[in-house]
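Q:
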Amino acid sequence: MNRFRLCVLALLIVFGFCAEPSQAAGDSAPAGRIGVVLLHGKRGAPDRHLADLAAALRAAGYRVVTPEMPWSRRRLYDADHAAAMREIAAAAEALRREGAAGIVIAGHSMGANAALGYAAGHPGLLGLICLAPGHSPDLGRQRELVAPEVARARALVAEGTADAAIRFTDLNSGRSYDTVLPAGVFLSYFDPEGPAAMPRSAARITPAVPVLWVVGKDDPLSRMGPGYVFDKLPAHPASRYLEVPGGHIDVPRAAVPAVLDWLKALPE
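What the sequence shown shows, in our numbering, is residues 1 to 268, in sequence order.
(1) How many angstroms separate the CA atom of His236 from the CA atom of Ile103?
(2) Of all the options Gly140, Pro46, Leu266 and Gly32, which has the alpha carbon lying nearest to the alpha carbon of Phe190?
(3) Can you tell me which of the three DSSP states Pro220 falls into?
(4) So what's His108 in DSSP terms, helix, strand or just coil?
(5) Can you give me the C-alpha to C-alpha distance between Ala120 and Val229, rounded to a whole angstrom?
(6) For the candidate residues His122, Leu126, Arg75 and Gly44, whose alpha-carbon lies nearest to that of Ala31?
(7) Nearest CA to the CA of Phe186: which residue from Ser173, Arg223, Ala83 and Leu95?
(8) Below 8 Å on the Cβ atoms is my contact criterion, and I expect Ser176 with His248 to pass it. Report the Cβ-Cβ distance as a whole number of Å.
(9) Check whether the Cβ atoms of Pro234 and Ile205 sit closer than 8 Å, and answer yes or no.
(10) Report, in whole angstroms, the separation of the C-beta atoms of Ala132 and Gly61, which I expect to be a contact under 8 Å.
(11) At which residues does the alpha helix (DSSP H) containing Pro257 begin and terminate?
(12) Can you list, in chain order, the residues of its chain whose CB lies under 7 Å from that of Asp80, leaving out five sequence neighbours each side?
(13) Determine the contact status of Arg33 and Ala100, defining contact as a CB-CB distance below 8 Å.
(14) What residue does the beta strand (DSSP E) around Arg58 start on, and which one ends it?
(15) Below 8 Å between beta carbons: does that hold for His122 and Pro252?
(16) Starting from Arg86, follow the alpha helix (DSSP H) in both directions and report where the run begins and ends.
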């Protein structure tokens, strides 16, 4: 081979390597094949307590969507629980259209409650992340506060008047709010035997899905320990129950390293 042909071959090799498309962070492997639906808490918003976690996930290459859910401060339960599940499904489908091969549903507080409820009705998830899970209509003060309204709402729904207004006291991080909702919408979130009762959702998940369950050491609900919900989940070797420093609001930020490590170790 003469010198001219050698030069041409060398140039082709060099330009061939230069022309190889570089991967954007969102398309990196294996993170780029994983989509994360990240759900905010009650009276929250996508850009509040989850902002640091969302940024860290995107920086690591994961595909992330942060939909505004019906329990946000702006929407205030403008759709029932079943509609919320459809919104989560739509967010997951959007990630699949973008190229995500596996879907993880993650949430904070009431978002974690909803993620759990979604997993109970949608098998095939790659994983589930519950950060400081909240909203417990089956427990304590919340259950006691709304018991009369739950009974009235059940009667109204049975009578076919699910649109009738129910006034009740909602709780969020120790604060109470007077709220008015249609009976059917109210019942879908506050019935202690309904779809927002986390122990019931955990028991309905099948087949087993890996779950990262993170609580803050200063979060009052953490006193319930793993026996309240986590131990009711179907066992999976990749599931973890973890305590981190801080209170209810601190958990998403404190859990960032643990979330990233857990996602990296997920079985494909």
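Beta carbons: idealized from backbone N, C-alpha and C, even for Gly. Nothing here was measured: the structure is a model prediction, and the numbers come from that model.
A: Reading from the atomic positions:
(1) For His236 and Ile103, the distance between alpha carbons rounds to 17 Å.
(2) Closest option to Phe190, Cα to Cα, is Gly140.
(3) Reduced to three states, the DSSP call for Pro220 is helix.
(4) His108: strand per DSSP, three-state reduction.
(5) Here the C-alpha atom of Ala120 lies approximately 13 Å from the C-alpha atom of Val229.
(6) Distance from the Cα of Ala31 is smallest, within the candidate group His122, Leu126, Arg75 and Gly44, for Leu126.
(7) Comparing alpha-carbon positions, the option among Ser173, Arg223, Ala83 and Leu95 lying closest to Phe186 turns out to be Ala83.
(8) Not really, about 16 Å apart at Cβ, beyond 8 Å.
(9) Going by beta carbons, Pro234 and Ile205 fall inside the 8 Å limit.
(10) Contact flag wrong, Cβ pair sits at about 25 Å.
(11) Per DSSP, Pro257 belongs to the alpha helix (DSSP H) from Val256 to Lys264.
(12) Excluding positions up to five away in sequence, the list reads Gly184, Val185 and Ser188.
(13) In this structure, Arg33 sits near Ala100, with a CB-CB distance shorter than 8 Å.
(14) Arg58: not part of any beta strand (DSSP E); member of the alpha helix (DSSP H) spanning Ala51 to Ala59, first to last residue.
(15) In this structure, His122 lies away from Pro252, with their beta-carbon atoms at least 8 Å apart.
(16) Here the alpha helix (DSSP H) through Arg86 covers His81 to Arg97.
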